[in-house]
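To start, the structure itself, in structure tokens.
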DNA sequence: GATTACCGCATCATTGATGTTGCAGTTAGG
DNA sequence: CCTAACTGCAACATCAATGATGCGGTAATC
């Protein structure tokens, strides 16, 4: 692929992620325009709207997978792995703000991949329970969901918070909550 | 308004909230069908799609406002008010699963009302800080956002949890987090 | 039980989004 | 500098959603 084509491609993917996050019904024309590209250029690269969405998901899943790999969720000491994961996943969530849950109803391939990554985080939460970093009796599914939501929240509602500080905030809230004493 | 018309109206609003939560691009036809009503009936009651969305938001805002009033956020002891608010707002979030943030971009009236309600919760969070129920130094905006997200999460991702238990879970997570000791 | 409000059904017009194609112009890369 | 790849532009076809309307039938309310 030629260099300018590659630039346009990533521009379209990023513009797509950004516009679709604000409005899941964003038109191809709007995405193309935001990417500084003609509408037909997008159609030439992606056969249909679904293919474009798929490509955006794949891009996000790729980034997330790298973070999961580099966090060493299984090997590293748990607090270290948690912090490394958070510091990595928050920028990913910002770079690809598109919400997976809502949009990959019609993309089974992306769903499968998402579930594989999800399973790695589930295992991490179980490990946290086993090693006593979470209170006994805490529901693993609840802990997992809360962690996801805290990540999304700090990523998108507090965009000016740098990743290290954001990771601290999420970890502290997750483990200690916000209450006194 | 005739009784059957009122029934149809609420059926359309509920179907709309449900379908729009799953897919913000859900068609009027799909909503009408889900409500067991002809498409033209919906068009007769609501001049356009925007009006239907507005009505759904208004319905949710009405319910939320009742909860805010009855929680007595200013007068009651803080833990009592918090629990009462949670126990009330979780069913509202379930009854009207539509996400406000995403959808009322184009509905300034709803936005204003939402912000008024939001201000009441902001004040409640400030009160919690002042009275020492939240750790000193905790960012009020962060606490506020986390509370909202915990409510939405327990409401939609744990639909089988009864409101009292769900409220306990949210309050405990909010104040104490999930970590050990 | 009469009336009137409401509904379902069929039909039509309109619009915005999607997707395709041909062509001329530009630019990356050998 | 030459070529092939890529783009923008214009034009076109298609389709699904929106919105309007008239009419016969049904059901709520008095």
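Protein chains in written order, with our numbering: chain E, 1 to 181; chain P, 1 to 181. Glycine included, each C-beta is placed from N, C-alpha and C at the ideal position.
### Query
Is DSSP giving residue 134 of chain P helix, strand or coil here?
Translated into the one-based positions of the second chain, residue 134 of chain P becomes position 134. Here DSSP, grouped into helix, strand and coil, assigns residue 134 of chain P to strand.
### Contact under 8 Å by Cβ, residue 90 of chain E with residue 143 of chain E
As a position in the first chain, residue 90 of chain E is number 90, starting the count at 1. As a position in the first chain, residue 143 of chain E is number 143, starting the count at 1. With contacts defined by Cβ atoms closer than 8 Å, residue 90 of chain E and residue 143 of chain E do not form a contacting pair.
### Query
Between residue 32 of chain E and residue 38 of chain E, which are expected to be in contact by the criterion C-beta below 8 Å, what is the C-beta distance as a whole number of angstroms?
As a position in the first chain, residue 32 of chain E is number 32, starting the count at 1. As a position in the first chain, residue 38 of chain E is number 38, starting the count at 1. Correct: roughly 6 Å between the Cβ atoms.
### Query
Based on Cα-Cα distance, which residue from E:65, E:92, E:52 and E:71 lies nearest to residue 106 of chain E?
As a first step, residue 106 of chain E is located in the first chain; it is residue number 106 there, counting from the start. Closest option to residue 106 of chain E, Cα to Cα, is E:52.
### Contact set between residue 25 of chain P and chain E, taken where Cβ atoms lie within less than 8 Å
Within the second chain, the letter at position 25 stands for residue 25 of chain P. Within 8 Å Cβ-Cβ: 24 and 25.
### Task
State yes or no: is the beta carbon of residue 179 of chain E nearer than 8 Å to at least one beta carbon in chain P?
Your numbering for residue 179 of chain E matches position 179 in the first chain. For residue 179 of chain E, the answer is yes, since a Cβ of chain P falls inside 8 Å of its Cβ.
### Task
Counting only the same chain and skipping the five closest in sequence on each side, list residues whose C-beta sits under 8 Å from that of residue 138 of chain P.
Within the second chain, numbered from 1, the residue matching residue 138 of chain P stands at position 138. So the list reads 129, once near-sequence residues are dropped.
### Task
From the DSSP output, in three-state form, read off residue 179 of chain P for me.
As a working note, residue 179 of chain P is residue 179 in the second chain. In the structure shown, the three-state DSSP call for residue 179 of chain P is strand.
#### Entry: residue 76 of chain E (DSSP reduced to helix, strand or coil)
In the first chain, the residue the question calls residue 76 of chain E occupies position 76. Annotated three-state conformation of residue 76 of chain E is coil, per DSSP.
### Message
Suppose the cutoff is 7 Å on Cβ atoms and the five residues either side in sequence are ignored; what does the same chain contact list for residue 171 of chain E look like?
### Response
For the purposes of this step, residue 171 of chain E is identified with residue 171 of the first chain, where counting begins at 1. Taken in chain order, the residues that qualify are 82, 83 and 86.
#### Entry: CB contact below 8 Å: residue 138 of chain E versus chain P
Translated into positions along the first chain, residue 138 of chain E becomes position 138. Closer than 8 Å to some Cβ of chain P, the Cβ of residue 138 of chain E qualifies, so yes.
### Task
Kindly examine the ligand NAD and report whether one of its heavy atoms sits closer than 7 Å to the Cβ of residue 56 of chain E.
The ligand content of the structure shown is nil, which means the ligand NAD is not present either.
### Query
Between residue 15 of chain P and the rest of its own chain, which residues show a CB-CB distance below 7 Å, the 5 nearest in sequence each way excluded?
The residue labelled residue 15 of chain P in the question sits at position 15 within the second chain. Within the same chain, Cβ atoms closer than 7 Å to the Cβ of residue 15 of chain P are found at 31, 34 and 35, the five residues on either side in sequence being excluded.
### Message
What would DSSP say about residue 5 of chain P, mapped onto helix, strand or coil?
### Response
Here the question's residue 5 of chain P lines up with position 5 in the second chain. DSSP places residue 5 of chain P in helix when its eight states are reduced to three.
### Alpha-carbon to alpha-carbon, residue 7 of chain E and residue 145 of chain P
Taking the second chain and counting its residues from 1, one reaches residue 145 of chain P at position 145. Taking the first chain and counting its residues from 1, one reaches residue 7 of chain E at position 7. Distance between the alpha carbons of residue 145 of chain P and residue 7 of chain E: 36 Å.
### Query
Name the chain P residues whose beta carbon is nearer than 8 Å to that of residue 96 of chain E?
Here residue 96 of chain E refers to the residue found at position 96 of the first chain. At a C-beta separation below 8 Å, residue 96 of chain E has no neighbours in chain P, since its nearest C-beta there lies roughly 17 Å away.
### Query
When the distance is taken between beta carbons, is residue 175 of chain P closer than 8 Å to residue 177 of chain E?
Along the first chain, one-based indexing puts residue 177 of chain E at 177. Along the second chain, one-based indexing puts residue 175 of chain P at 175. Cβ distance < 8 Å, so residue 177 of chain E and residue 175 of chain P count as in contact.
### Query
What span of residues does the alpha helix (DSSP H) with residue 103 of chain P cover, start to end?
Within the second chain, residue 103 of chain P is the residue found at index 103, counting from 1. Unbroken alpha helix (DSSP H) run through residue 103 of chain P: 100-103.
#### Entry: Integer Cβ distance of residue 92 of chain E from residue 63 of chain E, believed to fall under 8 Å
On the first chain, residue 92 of chain E is found 92 positions in, with the first residue counted as 1. On the first chain, residue 63 of chain E is found 63 positions in, with the first residue counted as 1. Beta-carbon to beta-carbon, residue 92 of chain E and residue 63 of chain E are separated by about 4 Å, close enough to satisfy the 8 Å threshold.
### Message
Could you tell me the alpha carbon to alpha carbon distance between residue 12 of chain E and residue 127 of chain E, rounded to whole angstroms?
### Response
Within the first chain, residue 12 of chain E is the residue found at index 12, counting from 1. Within the first chain, residue 127 of chain E is the residue found at index 127, counting from 1. Note on geometry: alpha-carbon atoms of residue 12 of chain E and residue 127 of chain E lie some 39 Å from one another.
### Task
With 8 Å as the threshold, decide whether the Cβ of residue 85 of chain E is near any Cβ in chain P.
Looking up residue 85 of chain E in the first chain gives position 85. It does not: the Cβ of residue 85 of chain E has no partner Cβ on chain P nearer than 8 Å.
### Task
Under 7 Å Cβ to Cβ from residue 121 of chain E, same chain only, skipping five residues before and after it: list those, please.
Position 121 of the first chain holds residue 121 of chain E. 144, listed in sequence order.
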